[in-house]
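Report on one structure; see the data block that follows.
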Amino acid sequence: MARRNTDASAGDDAGSAASWRTVAGLRRGIGVRLLIGVLIFSSVITLIMTAVQLYMDYRYDLDQIERRLDEIGEGYPDIIGESLWHLDREQLRIVVESILKLPDVQAVTVRETGTGHPLQIMARRRQSTPVITRELPINRVVEGKLKQIGTLYIEAALTDVYRRLMGEALVILVSQGAKTFLVSLFILLIFSRLVTRHLATIAQFMRRYDFHHPAGALALKRRPPATPDELDQVVMSFNDLCTNLRVAYHNQQTANEALKLDVAMRIRNEDALREAEQRYRELFHNMPMALMLMRGNFDIFPALHKAGVTDLNAYFDAHPDVLRRLMSAITVDEVNARSVELFRARDAAQLVGPAGRLWTESPGTLRRAFESRYHGEARFDEEMKVVALDGRVIDVLCTLSRPQPIGSHTPTLLGMIDITDRVRVRDKLQQLETDLAHAGRISLLGELMASIAHEINQPLGAVAASAQAMQNWLNRPEPPLDEVRELTALTLASARRASDIIVRTRAMAAKSKPRRELIRLDEVVDEALLLLSHEIQARGVEVWHRPAIFAPRIMADRTQLQQVVVNLTVNAMQALASHGVRHGKVVLTIAVTAAGQVSCTIEDNGPGIREDNLTLLFNRFFTTSEGGMGLGLAICRTIIEAHGGRIEADNESTLGGARFTFALPAGE
Ligand code: ADP
Numbered sequence: 001m002a003r004r005n006t007d008a009s010a011g012d013d014a015g016s017a018a019s020w021r022t023v024a025g026l027r028r029g030i031g032v033r034l035l036i037g038v039l040i041f042s043s044v045i046t047l048i049m050t051a052v053q054l055y056m057d058y059r060y061d062l063d064q065i066e067r068r069l070d071e072i073g074e075g076y077p078d079i080i081g082e083s084l085w086h087l088d089r090e091q092l093r094i095v096v097e098s099i100l101k102l103p104d105v106q107a108v109t110v111r112e113t114g115t116g117h118p119l120q121i122m123a124r125r126r127q128s129t130p131v132i133t134r135e136l137p138i139n140r141v142v143e144g145k146l147k148q149i150g151t152l153y154i155e156a157a158l159t160d161v162y163r164r165l166m167g168e169a170l171v172i173l174v175s176q177g178a179k180t181f182l183v184s185l186f187i188l189l190i191f192s193r194l195v196t197r198h199l200a201t202i203a204q205f206m207r208r209y210d211f212h213h214p215a216g217a218l219a220l221k222r223r224p225p226a227t228p229d230e231l232d233q234v235v236m237s238f239n240d241l242c243t244n245l246r247v248a249y250h251n252q253q254t255a256n257e258a259l260k261l262d263v264a265m266r267i268r269n270e271d272a273l274r275e276a277e278q279r280y281r282e283l284f285h286n287m288p289m290a291l292m293l294m295r296g297n298f299d300i301f302p303a304l305h306k307a308g309v310t311d312l313n314a315y316f317d318a319h320p321d322v323l324r325r326l327m328s329a330i331t332v333d334e335v336n337a338r339s340v341e342l343f344r345a346r347d348a349a350q351l352v353g354p355a356g357r358l359w360t361e362s363p364g365t366l367r368r369a370f371e372s373r374y375h376g377e378a379r380f381d382e383e384m385k386v387v388a389l390d391g392r393v394i395d396v397l398c399t400l401s402r403p404q405p406i407g408s409h410t411p412t413l414l415g416m417i418d419i420t421d422r423v424r425v426r427d428k429l430q431q432l433e434t435d436l437a438h439a440g441r442i443s444l445l446g447e448l449m450a451s452i453a454h455e456i457n458q459p460l461g462a463v464a465a466s467a468q469a470m471q472n473w474l475n476r477p478e479p480p481l482d483e484v485r486e487l488t489a490l491t492l493a494s495a496r497r498a499s500d501i502i503v504r505t506r507a508m509a510a511k512s513k514p515r516r517e518l519i520r521l522d523e524v525v526d527e528a529l530l531l532l533s534h535e536i537q538a539r540g541v542e543v544w545h546r547p548a549i550f551a552p553r554i555m556a557d558r559t560q561l562q563q564v565v566v567n568l569t570v571n572a573m574q575a576l577a578s579h580g581v582r583h584g585k586v587v588l589t590i591a592v593t594a595a596g597q598v599s600c601t602i603e604d605n606g607p608g609i610r611e612d613n614l615t616l617l618f619n620r621f622f623t624t625s626e627g628g629m630g631l632g633l634a635i636c637r638t639i640i641e642a643h644g645g646r647i648e649a650d651n652e653s654t655l656g657g658a659r660f661t662f663a664l665p666a667g668e
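Under UniProt numbering, the residue at position 586 of the sequence shown is numbered 586, and the numbers go up by one with no gaps.
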């Protein structure tokens with residue numbers, strides 16, 4: 001109950017507030033301003049019109065008075081002249097009194113002229129100003145001549161005129177004022193009914209309009225006119241505007257949402273980018289390897305691709321200026337602390353700038369790096385030598401990485417790891433392995449010495465026998481020159497054969513540096529078998545060589561590969577002998593593998609290899625033979641792997657014994 005009271009009082013308050021607003025609104029409203037405007041305008045017009053009207057009436061009244069005075073001047077002078085001639089005072093008084101009775105006349109005086117005691121009759125009604133006076137001569141024909149005998153003086157007052165005009169003005173003003181007020185009020189009512197209340201409705205609708213929850217269309221509370229008027233046009237325009245605004249608002253909201261998402265995504269992306277950048281910076285500067293950010297100008301590459309250049313190396317040979325230009329365009333933009341350390345520089349600034357000095361010791365590396373970039377490779381690794389700022393030469397493993405896609409100006413990240421110690425150890429190891437291989441060869445030659453000696457002895461024996469025969473023939477009186485010639489040729493062949501074997505044995509025994517050349521694996525097998533020919537014969541083993549005439553050549557050290565073939569063949573023959581195989585058979589097959597490598601398989605019909613020894617065979621000092629050192633296969637593996645190949649053993653030979661296969665990459 002109390003609540004209802006409160007509501008009611010609140011409602012009253014709201015009502016009074018609303019009516020106060022209405023009154024205030026009315027005071028400020030168009031209607032009141034219209035009313036005031038109409039009133040002021042009408043009043044001004046009324047005043048002007050009244051003033052004009054009064055002025056006209058005033059003129060008219062003046063004219064009336066003038067005309068009346070004129071009529072007096074026309075009608076009375078004769079009678080007054082007659083009465084004045086006869087000095088008839090009574091008659092004159094009657095005439096003067098009758099003139100005084102005329103409207104607006106306030107004083108009349110008749111005065112005789114030309115005598116010492118002029119007769120004067122005067123009558124006055126009142127005394128007020130302003131006045132219109134008229135002095136009329138009174139004439140009479142005396143002795144045939146017109147003579148003025150007196151003067152009629154008339155004074156007309158404007159008091160009545162003014163009173164009349166005042167009354168008239170009052171009537172006009174009151175009636176016009178009332179009329180103006182009523183008309184204005186009526187206009188105000190009509191205007192309010194026709195326009196103002198609808199404007200208020202529109203204003204209220206607009207005030208309450210909410211884009212989020214739009215009400216229905218705006219409609220005026222009135223009977224619609226036959227043809228839409230200005231208010232209908234306003235309503236229609238407003239409704240159209242609302243629809244357009246709603247659509248625009250909706251579009252704007254959609255765009256805002258999209259923008260918000262876009263902005264959020266951008267912010268996320270930017271954060272991620274910043275983080276990535278930060279991580280990259282930290283990585284770049286704290287990586288435990290020398291890093292350099294480099295730039296070059298490779299604008300020429302697309303043109304070369306277009307021109308169909310595939311062999312950039314050959315192109316560089318033909319156009320050294322292009323290579324020089326590319327080299328000189330490379331600059332170092334940024335280096336990390338490890339680079340400063342590696343190059344023994346004072347600070348990073350010493351290393352930033354042209355990058356030419358990086359490649360002075362290994363120009364080939366830069367050339368190959370260009371080729372790799374030309375072929376769109378994201379990475380390039382190679383060992384190279386660089387010169388530090390103090391002149392020391394350092395071995396480094398250089399890694400170039402280029403972000404994809406690689407454009408003409410895409411920067412390159414150069415990473416360098418100091419491998420000087422590693423290279424030194426590796427060189428030492430290589431030297432040791434070379435020495436070991438050499439020792440292996442010497443031991444192999446030792447094993448074969450008897451055969452080799454026999455191999456050399458045989459042609460030497462033939463040479464000696466031939467020389468003896470020739471000497472006998474030459475001692476004859478007629479030496480048989482044709483036979484001598486024939487035997488000389490045979491002798492020469494035998495001597496060459498002996499010399500050949502010595503050369504090969506020497507070559508195998510020599511401690512020369514490994515030397516790579518393009519050779520045929522079939523030739524290597526032939527030469528190895530030549531060295532072993534006596535051994536083979538002595539052991540009574542059947543050895544077959546199945547060549548591959550069209551196999552590509554390989555880039556290898558001839559002596560080392562001979563050593564491998566001799567080793568594997570001797571091993572096979574030893575295995576055959578150790579098991580007393582009667583018809584020993586060894587087959588050497590050259591082939592091209594599916595991967596394009598050139599392989600050599602040496603298989604026998606011996607006992608094969610024990611399954612559990614298969615994984616141990618290539619270990620150093622693994623041997624099953626008495627007096628064996630167990631180095632032969634280990635040396636073979638070192639040699640083959642140093643040539644970038646692989647060697648393996650199994651028991652898959654079709655001959656029934658062991659099978660050793662090594663494969664080497666084609667060199668052409
Ligand atoms: P060594 O000949 O001094 O024993 P190798 O390294 O040449 O050393 O050989 C290691 C071992 O491999 C040999 O002792 C032998 O047991 C085994 N082996 C090598 N070739 C063959 C083969 N063709 N058949 C059977 N076993 C073999």
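C-beta: ideal position from N, C-alpha, C; glycine also.
Any idea if LEU664 is buried or exposed, counting beta-carbon neighbours within 10 angstroms, 16 or more meaning buried?
Within the sequence shown, the letter at position 664 stands for residue 664. Buried, by the Cβ-count rule.
To which residues of the same chain is HIS213 closer than 6 angstroms at the C-beta, ignoring the five residues directly before and after it?
Walking along the sequence shown from the start, residue 213 turns up at place 213. None.
On the DSSP bridge assignment, give the partners of ASP395 in chain order.
Taking the first residue of the sequence shown as 1, we reach residue 395 at position 395. In the DSSP output, where bridge partners are listed per residue, ASP395 has LYS385.
Closest to LEU102 by CA distance: which of ILE190, ASP160, VAL396 is it?
Indexing the sequence shown from 1 puts residue 102 at position 102. The option with the nearest alpha carbon to LEU102 is ASP160.
Look at the alpha carbon of LEU100 and the alpha carbon of PHE186, and state the distance between them as a whole number of angstroms.
The residue you call residue 100 lines up with position 100 of the sequence shown. The residue you call residue 186 lines up with position 186 of the sequence shown. Computed Cα separation, rounded: 52 angstroms.
Identify the continuous beta strand (DSSP E) that holds GLY657 and give its terminal residues.
On the sequence shown, residue 657 is found 657 positions in, with the first residue counted as 1. Element bounds for GLY657: n/a, residue is neither H nor E.
Would you check if the distance between the CB atom of THR399 and the CB atom of ASP381 is smaller than 8 angstroms?
In the sequence shown, residue 399 corresponds to position 399, counting from 1. In the sequence shown, residue 381 corresponds to position 381, counting from 1. Yes, the Cβ-Cβ distance between THR399 and ASP381 is below 8 angstroms.
With C-beta atoms as the reference, is ILE132 less than 8 angstroms away from ARG93?
What you label residue 132 is simply residue 132 of the sequence shown in a count that begins at 1. What you label residue 93 is simply residue 93 of the sequence shown in a count that begins at 1. Contact flag unset, no.
Is LEU445 near THR488, with beta carbons less than 8 angstroms apart?
What you label residue 445 is simply residue 445 of the sequence shown in a count that begins at 1. What you label residue 488 is simply residue 488 of the sequence shown in a count that begins at 1. Going by C-beta atoms, LEU445 is not nearer than 8 angstroms to THR488.
Just reading off the beta strand (DSSP E) that SER599 is part of, what are its end residues?
Against the sequence shown, residue 599 aligns to sequence position 599. Its beta strand (DSSP E) spans residues 598-604.
Nearer than 7 angstroms: is that true of the beta carbon of ALA528 relative to any heavy atom of the ligand ADP?
As a working mapping, residue 528 is identified with position 528 in the sequence shown. False, no ligand heavy atom lies under 7 angstroms from that Cβ.
So PHE316 and LEU389 are in contact, right, with Cβ under 8 angstroms, and what is the actual spacing, rounded?
If you number the sequence shown from 1, residue 316 lands on position 316. If you number the sequence shown from 1, residue 389 lands on position 389. The Cβ separation is near 29 angstroms, so there is no contact.
Start and end of the alpha helix (DSSP H) containing ALA446?
Translated into the one-based positions of the sequence shown, residue 446 becomes position 446. It is worth fixing the name first, because residue 446 is Gly in this sequence and not Ala. Note, GLY446: alpha helix (DSSP H), 420-475.
Return helix, strand or coil for LEU181, following the three-state DSSP convention.
Within the sequence shown, residue 181 is the residue found at index 181, counting from 1. The sequence given here has Phe at residue 181, not Leu. The answer is helix: DSSP assigns PHE181 an H, G or I state.
DSSP state of ARG33, grouped into three classes?
Sequence index remark: in the sequence shown, residue 33 carries index 33 (1-based). In this structure, ARG33 counts as helix in the three-state DSSP scheme.
Is ASN571 a contact residue of the ligand ADP, with contact defined as CB to any heavy atom under 7 angstroms?
Stepping through the sequence shown from its first residue, residue 571 is reached at position 571. Yes - the ligand ADP has a heavy atom lying nearer than 7 angstroms to the Cβ of ASN571.
Starting from LEU351, trace the alpha helix (DSSP H) in both directions and tell me its first and last residue.
In the sequence shown, residue 351 corresponds to position 351, counting from 1. Premise fails: LEU351 is in no alpha helix (DSSP H) and is neither H nor E.
Should PRO228 go down as buried or exposed, given a rule of 16 or more other Cβ atoms within 10 Å for buried?
Mapped onto the sequence shown, residue 228 falls at position 228. Classification of PRO228: exposed, given that the 10 Å Cβ count is below 16.
Below 7 angstroms, is the gap between the Cβ of ILE609 and the nearest heavy atom of the ligand ADP?
One-based indexing of the sequence shown puts residue 609 at position 609. Yes.
From which residue to which residue does the beta strand (DSSP E) around TYR153 run?
On the sequence shown, position 153 is the one that residue 153 refers to. 145-157 is the extent of the beta strand (DSSP E) around TYR153.
At which residue ranges does the stretch 279-365 contain complete beta strand (DSSP E) runs of 3 or more residues, listed in the order of the chain?
Whole beta strand (DSSP E) segments, 3+ residues: 290-295, 331-335.
Identify the continuous beta strand (DSSP E) that holds ILE94 and give its terminal residues.
The sequence position of residue 94 within the sequence shown is 94, counting from 1. Segment 89-101 is the alpha helix (DSSP H) holding ILE94; no beta strand (DSSP E) there.
Under DSSP, the alpha helix (DSSP H) around ILE536 begins and ends at which residues?
Locating residue 536 in the sequence shown gives position 536, where the first residue counts as 1. Start and end: 521-539.
Let me know the secondary structure DSSP gives VAL110 once reduced to three states.
Sequence index remark: in the sequence shown, residue 110 carries index 110 (1-based). The answer is strand: DSSP assigns VAL110 an E or B state.
Quick one: what's PRO77 bridged to in DSSP?
Residue 77 sits at position 77 when you count from the first residue of the sequence shown. BP columns for PRO77 are empty, so no partner.
Determine the contact status of MET629 and GLN563, defining contact as a CB-CB distance below 8 angstroms.
What you label residue 629 is simply residue 629 of the sequence shown in a count that begins at 1. What you label residue 563 is simply residue 563 of the sequence shown in a count that begins at 1. Cβ distance not < 8 angstroms, so MET629 and GLN563 don't count as in contact.
Since LYS511 and HIS438 are thought to touch, with beta carbons under 8 angstroms apart, how far apart are those beta carbons, to the nearest angstrom?
Walking along the sequence shown from the start, residue 511 turns up at place 511. Walking along the sequence shown from the start, residue 438 turns up at place 438. Indeed, because the Cβ distance is near 5 angstroms, the residues count as touching under 8 angstroms.
Would you identify the three-state DSSP class for SER42, choosing helix, strand or coil?
In the sequence shown, counting from the first residue as 1, residue 42 sits at position 42. If DSSP states are grouped into helix, strand and coil, SER42 belongs with the helices.
Could you check where the alpha helix (DSSP H) with VAL503 kicks off and where it finishes?
Within the sequence shown, residue 503 is the residue found at index 503, counting from 1. Counting along the chain, the alpha helix (DSSP H) containing VAL503 begins and ends at 481-509.
Please report the Cβ distance between ASN605 and GLY656, rounded to the nearest whole angstrom; I am assuming they are in contact, meaning their Cβ atoms lie under 8 angstroms.
By 1-based counting over the sequence shown, the position of residue 605 is 605. By 1-based counting over the sequence shown, the position of residue 656 is 656. Right, the Cβ-Cβ distance comes to about 5 angstroms (below 8 angstroms), so this counts as a contact.
Which residue's Cα is closest to the Cα of MET449: ALA538, ARG197, ALA329, ALA591?
As a working mapping, residue 449 is identified with position 449 in the sequence shown. Of the candidates ALA538, ARG197, ALA329, ALA591, the one whose C-alpha sits nearest the C-alpha of MET449 is ALA538.
Can you tell me where the beta strand (DSSP E) with ASN139 in it begins and where it stops?
Here residue 139 refers to the residue found at position 139 when the sequence shown is read from its first residue. Element bounds for ASN139: 131-142.
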